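Inspection log for the structure reproduced underneath, given as structure tokens.
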Amino acid sequence: MISHILYSKIDDKYPSSLSYQVITKLLKEKLGFKGLITTDSLTMKAIWDKFSIEEIVLNGVNAGNDILVFCGGADLDVQLQIIATFKNLVLSGKISQERVDESVSKILKLKAKYTIANVPELIVNKKTLQLVDDAITEVKKSDLLPLKADDKVLIIFPRIKLASLVDNESNETQTLSSYLPYDEIIIDENNNEIKKIVKKVKEYDKIIMATYNVKRDDYQTEVFSVLDKEKTVLVSLRSPYDGLILSGASGYICTYDVTKESIKALSKTLKEGVFKGKLPIKLRSGENETY
Numbered sequence: 217m218i219s220h221i222l223y224s225k226i227d228d229k230y231p232s233s234l235s236y237q238v239i240t241k242l243l244k245e246k247l248g249f250k251g252l253i254t255t256d257s258l259t260m261k262a263i264w265d266k267f268s269i270e271e272i273v274l275n276g277v278n279a280g281n282d283i284l285v286f287c288g289g290a291d292l293d294v295q296l297q298i299i300a301t302f303k304n305l306v307l308s309g310k311i312s313q314e315r316v317d318e319s320v321s322k323i324l325k326l327k328a329k330y331t332i333a334n335v336p337e338l339i340v341n342k343k344t345l346q347l348v349d350d351a352i353t354e355v356k357k358s359d360l361l362p363l364k365a366d367d368k369v370l371i372i373f374p375r376i377k378l379a380s381l382v383d384n385e386s387n388e389t390q391t392l393s394s395y396l397p398y399d400e401i402i403i404d405e406n407n408n409e410i411k412k413i414v415k416k417v418k419e420y421d422k423i424i425m426a427t428y429n430v431k432r433d434d435y436q437t438e439v440f441s442v443l444d445k446e447k448t449v450l451v452s453l454r455s456p457y458d459g460l461i462l463s464g465a466s467g468y469i470c471t472y473d474v475t476k477e478s479i480k481a482l483s484k485t486l487k488e489g490v491f492k493g494k495l496p497i498k499l500r501s502g503e504n505e506t507y
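Residues in the sequence shown are numbered from 217 upward in steps of one, following the numbering used here.
Quick look at the structure:
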């Protein structure tokens with residue numbers, strides 16, 4: 217995977233992901249790399265804000281990439297525009313058929329190598345589910361866990377919207393109340409429930425607040441600000457960095473995913489208090505907690 221770093225001594229105009237000098241001249245010809253070459257997401261600001269779609273596609277392909285990755289906002293119209301741009305560049309000859317055939321050949325060879333013919337319908341086996349269970353990470357331990365059947369618990373859960381086309385749009389998302397017998401309030405950017413939350417939190421001994429891609433000063437930060445942190449366990453459903461923005465909770469848990477399998481695994485670990493996951497990064501943020 218090629219990053220978007222600009223190596224000015226090699227190419228002072230284009231970042232690596234769009235650079236013929238870096239990908240073809242250095243990586244493929246000088247270093248002799250024969251494998252599949254893919255970009256990092258080309259919707260990242262380092263690329264998306266500085267180049268047009270035509271420039272990105274034209275330079276991305278001609279630089280020597282085999283796969284161009286576009287996994288930003290879930291906007292199908294933009295995706296269709298990217299495909300149309302690629303097609304037009306090939307038809308106009310700005311991207312040669314030879315260049316296309318080279319990458320297609322590499323992709324098909326890898327597909328042939330790793331594809332099993334007549335694969336039956338996907339079966340979620342025990343090993344798969346075990347991996348999901350083992351991924352749930354207790355970043356900050358809390359005496360509030362495990363949850364007991366007679367605990368007075370309030371679950372606060374965000375209304376999930378796709379962050380990008382990488383997310384599985386067809387996958388039905390579930391909330392914790394699907395698996396835990398506690399009261400639950402669903403929150404979203406309208407924050408219609410904020411007054412209800414302020415009023416009701418005093419009635420509960422424990423609060424489980426789930427978050428999804430928190431941004432500074434968004435609706436989730438507003439909700440978190442009215443909670444009693446000493447009786448709150450924060451659960452990040454996607455990005456572990458949520459805990460740096462919403463600091464001070466009694467406990468912090470990461471699931472890294474919001475599929476129904478992950479939510480079910482989360483509910484199990486909340487009840488059992490056994491966490492096997494390991495944080496893949498180190499979180500630091502000024503005066504906030506360091507995990």
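Backbone N, C-alpha and C fix where the C-beta goes; we use that ideal spot for every residue, glycine too.
Predicted model, so just to flag it, every value in this text is computed and none were measured.
Check: Let's see if you can read the secondary structure: which residues bound the beta strand (DSSP E) around T344?; Outcome: Per DSSP, T344 belongs to no beta strand (DSSP E); it is in the alpha helix (DSSP H), K342 to A351.
Check: Out of curiosity, what's the CA-to-CA distance linking D399 and S455?; Outcome: 25 Å
Check: Please name the residue, chosen from E318, G309 and G248, that lies closest to D282 on a Cα-to-Cα basis.; Outcome: E318
Check: Quick one: any contact between the region 319 to 326 and the region 408 to 424, if contact means 3 or more CB pairs under 8 Å?; Outcome: no
Check: Under three-state DSSP, which class holds F373?; Outcome: strand
Check: Taking the alpha-carbon positions, what's the C470 to T240 distance?; Outcome: 40 Å
Check: How would you write the range of the beta strand (DSSP E) that Y435 sits in, first residue to last?; Outcome: Careful: Y435 lies outside any beta strand (DSSP E), inside the alpha helix (DSSP H) at Y435 to S441.
Check: Since I believe A426 is in contact with V451 (beta carbons under 8 Å), could you give me their beta-carbon distance rounded to a whole number of angstroms?; Outcome: 5 Å
Check: Going by the DSSP bridge assignment, what does S268 pair with across the sheet?; Outcome: In DSSP, S268 forms no bridge with anything.
Check: Determine the DSSP secondary structure at H220, reduced to helix, strand or coil.; Outcome: coil
Check: Buried or exposed: where does I311 fall if 16 or more other Cβ atoms within 10 Å of its Cβ makes it buried?; Outcome: buried
Check: At what residues does the alpha helix (DSSP H) containing T301 begin and finish?; Outcome: L292 to L307
Check: May I ask you to report which of helix, strand or coil DSSP gives K284?; Outcome: The identity of residue 284 in the sequence shown is Leu, whereas the question assumes Lys. Three-state DSSP puts L284 in coil, outside helix and strand.
Check: Report yes if the C-beta distance between I226 and T255 is below 8 Å; otherwise report no.; Outcome: no
Check: Relative to the C-alpha of A481, which residue among L460, D349, N408 and V369 is closest?; Outcome: D349
Check: Please name the residue or residues paired with D399 in a DSSP beta bridge.; Outcome: L370
Check: Go to V490, then tell me how far its beta strand (DSSP E) extends in each direction, as first and last residue.; Outcome: Looking at the DSSP string, V490 is not in any beta strand (DSSP E), and its letter there is neither H nor E.
Check: Expressed to the nearest angstrom, what Euclidean distance is found between the alpha-carbon atoms of Q390 and I298?; Outcome: 32 Å
Check: In terms of DSSP beta bridges, what is I423 paired with?; Outcome: L370 and T448
Check: Could you tell me the distance, in whole angstroms, from the CA atom of F491 to the CA atom of I376?; Outcome: 24 Å
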